[in-house]
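1 is the number of the first residue of the sequence shown in the UniProt record's numbering; add one for each residue after it.
Don't be surprised by glycine CBs; every beta carbon is placed ideally from N, CA and C.
Owing to the predicted nature of the structure, the values given are computational and were not obtained by experimental measurement.
Shown next, in structure tokens, is the structure this report addresses.
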Amino acid sequence: MRKLENSELDRKSIEAFKQSEKTPLILVLDDIRSLHNIGSVFRTADAFLIEKIYLCGITATPPNKEIHKTALGATETVVWEHQENVLEVIEKLKKENVITLAIEQVESAIFLQNFEVKKGEKYALVFGNEVYGVSQEAVALCDGSIEIPQLGTKHSLNISVSAGIVVWDLFQKMNWNL
Numbered sequence: 001m002r003k004l005e006n007s008e009l010d011r012k013s014i015e016a017f018k019q020s021e022k023t024p025l026i027l028v029l030d031d032i033r034s035l036h037n038i039g040s041v042f043r044t045a046d047a048f049l050i051e052k053i054y055l056c057g058i059t060a061t062p063p064n065k066e067i068h069k070t071a072l073g074a075t076e077t078v079v080w081e082h083q084e085n086v087l088e089v090i091e092k093l094k095k096e097n098v099i100t101l102a103i104e105q106v107e108s109a110i111f112l113q114n115f116e117v118k119k120g121e122k123y124a125l126v127f128g129n130e131v132y133g134v135s136q137e138a139v140a141l142c143d144g145s146i147e148i149p150q151l152g153t154k155h156s157l158n159i160s161v162s163a164g165i166v167v168w169d170l171f172q173k174m175n176w177n178l
């Protein structure tokens, strides 16, 4: 077994990425404090051809040196938009028939492994602040909630880790489990 060289990875150019068919997922980041978390989510979004990222509230926006450290150029490929009010973003997406899902531990949340994607649907995944999570107001506006099962003592994951887990799970269900 041999580790592949970067030149062997068949990476898309920025233009090819922009012209590629996107995964019908939108990420909504609300009040994310860590610039490294934001950059990491951009890299995940690039890896799985995510349609768009909404950066809401206090979530910082590119260009930003600290975001760039972890995004490694993904801010140039992934479409993003800043909006002050996450509730307005959720309402807008719902009017566009996007299924909005809070990634949070709430009553009647669907465990990630039990969530079934519907062919032809577009989903928005709402991720909240590192300390407080998705606000109750945002949870109440969403169409539902997905919870990542956790068995240890902490029952919380870093937002960039949560985004990676949920995006990968939905991506593979959309592409290989239909």
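DSSP state of residue i mapped onto helix, strand, coil
i      : result
His36  : helix
Val117 : coil
Lys94  : helix
Thr23  : strand
Glu147 : strand
Phe42  : helix
Best match in the options for proximity to residue i [C-alpha to C-alpha]
i      : options                        : result
Ser157 : Asp169, Gly128, Trp176, Leu141 : For the record, residue 157 in the displayed sequence is Leu; it is not Ser. With distances taken between Cα atoms, Leu157 lies closest to Gly128.
Lys52  : Glu81, Ala109, Leu35           : Glu81
Asn97  : Lys12, Gln113, Asp143          : Asp143
Val161 : Thr44, Lys18, Arg11            : Thr44
Asn175 : Lys22, Ser40, Ser34            : Lys22
Ser34  : Thr59, Lys12, Glu8, Ser13      : Thr59
Beta-carbon gap between residue i and residue j smaller than 9 Å
i           : j      : result
Ile159      : Ile32  : yes
Glu84       : Gly57  : yes
Val166      : Ile99  : no
Asp46       : Thr77  : yes
Asn64       : Glu130 : no
Leu93       : Ile26  : yes
Gly133      : Gln150 : no
Leu87       : Ala138 : yes
Leu141      : Glu91  : yes
Val28       : Val79  : no
Leu72       : Leu101 : no
residue 204 : Ser135 : Summary: the structure shown does not reach residue 204, with the chain confined to residues 1 through 178, and so no result is reported for it.
Gly164      : Ser40  : yes
Contact set for residue i: own chain, Cβ-Cβ below 7 Å, skip 5 residues either direction
i      : result
Phe115 : Ile146
Lys173 : Val117
Ala109 : Ser145, Ile146, Glu147
Phe171 : Thr23, Phe48
Sequence-distant residues of the same chain with beta carbon closer than 6 Å to residue i, five excluded per side
i      : result
Ser20  : Leu49
Asp169 : Leu112
8 Å contact criterion, which residue i and residue j should meet: CB distance rounded
i     : j      : result
Phe42 : Ala74  : 4 Å
Pro62 : Tyr123 : Not confirmed; about 24 Å, so no contact.
Check: residue i C-beta below 8 Å from any heavy atom of the ligand ZN
i     : result
Val78 : This structure does not include the ligand ZN; it has no bound ligands of any sort.
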